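J.: Quick note on this note's numbering: the sequence shown kicks off at -15 and runs consecutively.
First the structure, which I've put down as structure tokens, then a few questions once you've had a look.
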Amino acid sequence: MPSLPPGCSPAFRSGAMAPPPPEGHPHHPQVPGQRIRVIQDPVSPFRRSDMKRRDFLKTSLTGSAAFALTGLTVLTPQRARAATVDVNLVAEGTYKTMSDGASVFVWQFRDTNGTGPGALTSGLVVKEGDSVNVNVTNNLDRPINFVIPGVLSGTPSVAPGASATYSFTAPAAGSYFYTDSVNGEIGKAMGLSGPLVVMPADGSNTLYSGGPAFDRQYTLVLNELDDRLNAAIANGGTYDMANYEPNYYFANGLSYPNTASDADTVVAMSVGENVAIRFINTGCITYPQHFHGYHVNVISRNRVLETVAIEKDTVQVERDMCVDVILPVVQPGAYPLHTHYVPGVTANGVYLNPAGGALIILSAS
-15 MPSLPPGCSP AFRSGAMAPP PPEGHPHHPQ VPGQRIRVIQ DPVSPFRRSD
35 MKRRDFLKTS LTGSAAFALT GLTVLTPQRA RAATVDVNLV AEGTYKTMSD
85 GASVFVWQFR DTNGTGPGAL TSGLVVKEGD SVNVNVTNNL DRPINFVIPG
135 VLSGTPSVAP GASATYSFTA PAAGSYFYTD SVNGEIGKAM GLSGPLVVMP
185 ADGSNTLYSG GPAFDRQYTL VLNELDDRLN AAIANGGTYD MANYEPNYYF
235 ANGLSYPNTA SDADTVVAMS VGENVAIRFI NTGCITYPQH FHGYHVNVIS
285 RNRVLETVAI EKDTVQVERD MCVDVILPVV QPGAYPLHTH YVPGVTANGV
335 YLNPAGGALI ILSAS
């Protein structure tokens, strides 16, 4: 497990309220009533890249790195022509163990063919132009559907105990997600969602056709849950989303320390590489993702290219948003990547003691 640099192992002190944030370290206001102790950021060696955006894109376009798709466990081989891709998903309820040991009932789309060492076994990777058939079996007690915002409407819905096939042509290369829309916010809050990555048809290791190249890439799915909602659904009840106050937070379905040992979630890289990171927010809140040790170039938001190029160390990932960035690896070391929304790095109000929330490790050699 990659270790954090000195000063990055904060502790929770029972009964302590959050002090004012460090100067220059903005974060979302603390949720009233949550008892969290905030630890000062560690002092890390850091330098900004001197490379201008135009030069960065030019260099990336001429890169010769081999194709690598790390961070998703369903890999698509390089090929020149469109293919037919068949996917089998089961919508089901299951109990999930939180990082603090609590067991919470969730919904999920499970890929029956999903295999691999990491958490994203339900991640779908196709190439633009592919004919994709998604066979959905509904093992829940209520209707669902399969929706890709901007691509697939999710008609018809699937009754409990039934199956349906959703067919579509893979759209332009980029980052997408799939979800259920029949149950509205409840379906998303319960976990019915997953990532969809569409690669360029020519097999290039670029974020989009003709776009910046990368040496490797990771997909980081961000979401959360409110265990009161999950308990209500598990008991056959309902829940008013106006009362939604999440208390567990995830990256690729995991919380720290499990994020620090997962092959899909630890961002492993080497100095000199350009690493693509796809943030996909399938949750119900906004995640301001903060990088220690590095700046990133934001390439697109929901596949709309950024018109103003600014290097950032904090990237706003709003709900229902896919944000693609390129991280130039300028130095070795292990650094945290976390949300500036303070409860997002806690587990049921406990701040890394030892369980935490959506804390991700950047590990460069």
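For each residue, glycine too, the CB sits at the ideal point set by N, CA and C.
As the structure is a computational prediction, the values presented were derived from the model and not from experiment.
If you count every other CB in all the chains shown that lies within 10 Å of the CB of residue 174, and 16 or more means buried, which is it?
T.: buried
J.: Is it right to say residue 128 is buried, meaning 16 or more other beta carbons lie within 10 angstroms of its own, or is it exposed?
T.: Buried, because 16 or more other Cβ atoms sit within 10 Å of the Cβ of residue 128.
J.: Helix, strand or coil for residue 77? Go by DSSP, reduced to three states.
T.: strand
J.: Sorted by chain position, which residues of the same chain lie with C-beta nearer than 7 Å to residue 331's C-beta, five sequence neighbours on each side aside?
T.: 82, 83, 84, 232, 239, 339, 340 and 341
J.: Verify whether the separation of the beta carbon atoms of residue 114 and residue 66 is less than 8 Å.
T.: yes
J.: Using only alpha-carbon positions, find the residue among 334, 131 and 273 that is nearest to residue 265.
T.: 273
J.: Let's test the definition: count the other Cβ atoms within 10 Å of the Cβ of residue 177 and tell me whether it reaches 16, buried, or not, exposed.
T.: buried
J.: Should the segment 277 to 294 be regarded as contacting the segment 214 to 233, the criterion being three or more beta carbon pairs within less than 8 Å?
T.: no
J.: Quick one: residues in its chain with C-beta nearer than 7 Å to the C-beta of residue 123, no 5 flanking neighbours on either side, listed in chain order?
T.: 74, 75 and 76
J.: Taking the C-alpha atoms as reference points, what is the distance between residue 78 and residue 206?
T.: If you take the alpha carbons of residue 78 and residue 206, they lie about 19 Å apart.
J.: Consult DSSP for residue 217 and reduce its assignment to one of helix, strand or coil.
T.: helix
J.: Does the separation of the CB atoms of residue 210 and residue 230 fall below 8 Å?
T.: yes
J.: For chain D, check one thing: does any of its Cβ atoms lie closer than 8 Å to the Cβ of residue 94?
T.: Going by chain labels, chain D is absent from the structure shown, which holds only one protein chain.
J.: If we ignore side chains and look at the alpha-carbon of each, how far apart do residue 188 and residue 155 end up?
T.: Straight-line Cα distance between these residues: approximately 16 Å.
J.: What are the boundary residues of the beta strand (DSSP E) that includes residue 317?
T.: 317 to 323
J.: Can you give me the C-alpha to C-alpha distance between residue 70 and residue 255, rounded to a whole angstrom?
T.: 37 Å
J.: Determine which residues share a DSSP beta bridge with residue 70 and list them.
T.: 117
J.: Whose C-alpha, out of 317, 316 and 343, is nearest the C-alpha of residue 326?
T.: 343
J.: Return the bridge partner residues of residue 331 from the DSSP annotation.
T.: 232 and 334
J.: According to the Cβ coordinates, are residue 297 and residue 275 closer than 8 Å?
T.: yes
J.: Suppose the cutoff is 7 Å on Cβ atoms and the five residues either side in sequence are ignored; what does the same chain contact list for residue 242 look like?
T.: 83
J.: Express the C-alpha separation of residue 151 and residue 252 in angstroms, rounding to a whole number.
T.: 35 Å
J.: With distances taken Cα to Cα, identify the nearest neighbour of residue 136 among 116, 147 and 299.
T.: 116
J.: Along the alpha helix (DSSP H) that carries residue 169, what are the first and last residues, could you check?
T.: 168 to 174
J.: For residue 214, collect the residues of the same chain with a Cβ closer than 7 Å to its Cβ; drop the 5 residues on either side in sequence, then sort them by chain order.
T.: 88, 89, 90 and 174
J.: Residue 310 to residue 202, Cα distance in whole Å?
T.: 10 Å
J.: Going by DSSP, what residue range makes up the beta strand (DSSP E) through residue 261?
T.: 258 to 265
J.: When the distance is taken between beta carbons, is residue 336 closer than 8 Å to residue 318?
T.: Not in contact: residue 318 and residue 336 (Cβ atoms no closer than 8 Å).
J.: Please report how far the alpha carbon of residue 157 lies from the alpha carbon of residue 180, in whole angstroms.
T.: When rounded, the distance between both Cα atoms is 10 Å.
J.: Within 10 angstroms of the Cβ of residue 260, are there 16 or more other Cβ atoms? Answer buried if so, exposed if not.
T.: The residue in question, residue 260, is buried, as its Cβ has 16 or more Cβ neighbours within 10 Å.
J.: Could you tell me how far apart the beta carbons of residue 267 and residue 303 are, in whole angstroms, since I believe they sit closer than 8 Å?
T.: 6 Å
J.: Does DSSP put residue 342 in a helix, a strand or coil?
T.: DSSP places residue 342 in coil when its eight states are reduced to three.
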